[in-house]
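Data block below; observations after.
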Amino acid sequence: MPQRRSLFSPRKQEMDAVSETVLERLPAPRAAAVLPEPNLDGPPPGPLTAARIVTSLLVAGPLVALAVFIPLGWGGTKTIWGLGLAVAFYLFTGFGISVGFHRLFAHHSFTPHRVLKIVLAVAGTMALEGSVISWVATHRRHHMFSDRPGDPHSPVSHGTDTPTTTRGFLWAHVGWLFASDPTSQQRFAPDLLRDPDLVKIDRLFPVLAVVSLVIPLAIGWIVTGTLGGALGMFLWAGLIRMALLHHVTWSINSVCHLWGRRPFTTGDNSTNVASLALVSFGESWHNFHHAAPASARHGVLAHQVDLAAGLIRIFEKAGWVTKVRWPTATQIETLTTRVEERAPI
Ligand SMILES: [Zn+2]
Ligand SMILES: [Zn+2]
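Numbering (the numbering used here), first residue to last: 82 to 426.
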């Protein structure tokens, strides 16, 4: 029987106040008769040449920049400044994705003050993982059809033997980004489309994407007063920071549906991967997340670090968020797969 203490475990009164809605699932518990149809109602696929070019630049650009810029000498003391700013941007945009895009906008794990909602939406947008409404629609579709036809980025639909597992990993990690398979925002994110703040921020995605990369360039210019310093800061706090967070997020889609532990009952292949917990802000406790998608905390077992849950707790103590859906011990127990029921991985 696993222990159920967490580094960021909720207070007892919080746990007692939690609604049973933390057990809400997207979709409802699996049964052949209630499986949703994989009719996604998405817009017809159009020419994606421009989108594919942008995606290619985002995926390959940072690697090319590293290969080109490092030999030119953009390291040394400039790297220290660049790494410091890169960590700050990584935290800002990473919490924007984890606390904002994922736990707030996709799953309504808590209710924020309007100013905090806007800050989280802007922070997530500056991660350059897509606009807020499109990100949420795609992610909710992933939960709706998890590891079944209709899932936009499942690695297991490509088979589970060794060669196809490699193909499945590559598809779930980056391949699906190039697919002509749009997701209907009207079907999967109608609540967000009714929020004028989020609609405005969604439309500002191209502007905020440029801002996210230009700010490091400007800070580099101000701090060093040289073009080399500015470009070095752009490299580390712009491109490399963005690429690292991209690969961490994509690893949740790929690694956390292929390898790891499955202590909870989900009906899909989602796993908990401890090695990714810190850099993903707790998102890699993905098996529990699929078991209880609305829970504000994903790392619910002993010693499971969940930085996003910790930040939500801080927001709650500051009075900036309410109605936080903390999981109770009883709910965790209900979702735990008994050892004898666990399938081999
Ligand atoms: Zn998943
Ligand atoms: Zn989710």
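Don't be surprised by glycine CBs; every beta carbon is placed ideally from N, CA and C.
- Bridge partners of Thr403 according to DSSP: Thr192.
- In this structure, the alpha-carbon of Leu308 lies about 16 angstroms from that of Ala146.
- Ala318 places its beta carbon less than 9 angstroms from that of Leu166.
- In the displayed model, Thr417 falls within a strand according to three-state DSSP.
- Selection Phe286, Phe315 and Ile395 evaluated against Trp162 yields Phe315 as nearest (Cα-Cα).
- Ser179 has its Cβ no nearer than 8 angstroms to any heavy atom of ligand 1.
- With a threshold of 8 angstroms, the Cβ atom of His328 does not count as near ligand 2, since no heavy atom of the ligand is closer than that.
- In this structure, Pro193 places its C-beta atom within 9 angstroms of the C-beta atom of Trp401.
- The residues Phe182, His183 and Ala187, in chain order, have a CB closer than 8 angstroms to that of His220 in the same chain once the five nearest residues on each side in sequence are set aside.
- Residue range Arg322 to Ser335 is occupied by the alpha helix (DSSP H) that includes Asn334.
- Relative to the non-hydrogen atoms of ligand 1, the Cβ of Ser227 comes within a distance shorter than 8 angstroms of at least one.
- Within the same chain, and ignoring the five residues on either side of Trp257 in sequence, the residues whose Cβ sits closer than 6 angstroms to its Cβ are Pro233 and His234.
- Pairing Phe170 with Leu392 gives a Cβ-Cβ distance that is not under 9 angstroms.
- By the Cβ criterion, the segment 409 to 418 is not in contact with the segment 194 to 202, since fewer than three pairs of Cβ atoms, one from each stretch, lie closer than 8 angstroms.
- DSSP, read as helix, strand or coil, puts Phe362 in coil.
- At least 9 angstroms separates the beta-carbon of Asn368 from that of Ala253.
- Counting along the chain, no alpha helix (DSSP H) covers Val237, and no H or E run does either.
- Taking 8 angstroms as the cut-off, one finds no heavy atom of ligand 2 near enough to the beta carbon of His338.
- The three-state secondary structure of Phe345, taken from DSSP, is strand.
- Burial state of Ala399 is exposed, judged by a 10 Å Cβ sphere holding fewer than 16 other Cβ atoms.
- Sixteen is the threshold: when 16 or more other Cβ atoms of the shown chains lie within 10 Å of the Cβ of Val354, as they do, the residue is buried.
- Here Asn350 carries a coil assignment [DSSP, helix/strand/coil].
- In the displayed model, Ala375 falls within coil according to three-state DSSP, outside both helix and strand.
- Chain order is used for the residues whose beta-carbon lies nearer than 6 angstroms to a heavy atom of ligand 2, namely His183, Ala187, His188, His220, His224, His370 and Pro374.
- Contact between Gly363 and Ala390 holds: CB atoms are separated by about 6 angstroms, below the 8 angstroms threshold.
- Listed in chain order, the non-local C-beta contacts of Ala218 below 6 angstroms within the same chain comprise Thr264, Gln266, Phe269 and Ala270, local neighbours out to five positions each way being set aside.
- Taking every protein chain shown into account, the CB of Thr330 has 16 or more other CB atoms within 10 angstroms, so this residue is buried.
- Per DSSP, Ser179 lies in no alpha helix (DSSP H) segment and is marked neither H nor E.
- Check the Cα spacing between Val168 and each of His370, His371, Asp387 and Arg322: the tightest is with Arg322.
- Taken atom to atom, the span from the alpha-carbon of Ile296 to that of Glu414 is near 46 angstroms.
- Counting C-beta atoms within 10 angstroms of its own C-beta, Gly306 has fewer than 16 neighbours from the protein chains shown and is therefore classed as exposed.
- Non-local beta-carbon contacts of Ser179 in its own chain, meaning distances under 6 angstroms to residues more than five positions away in sequence, involve Phe362, Glu364 and Ala389 in chain order.
- For Thr305, the enclosing alpha helix (DSSP H) covers residues Phe286 to Thr305.
- When Leu312, Phe286, Val292 and Ser293 are compared, the shortest CA-CA separation from Gly301 is found for Leu312.
- Taking the CA atoms as reference points, Leu416 sits about 40 angstroms from Ala141.
- With contacts defined as CB atoms closer than 9 angstroms, Arg195 and Asp278 qualify as a contacting pair.
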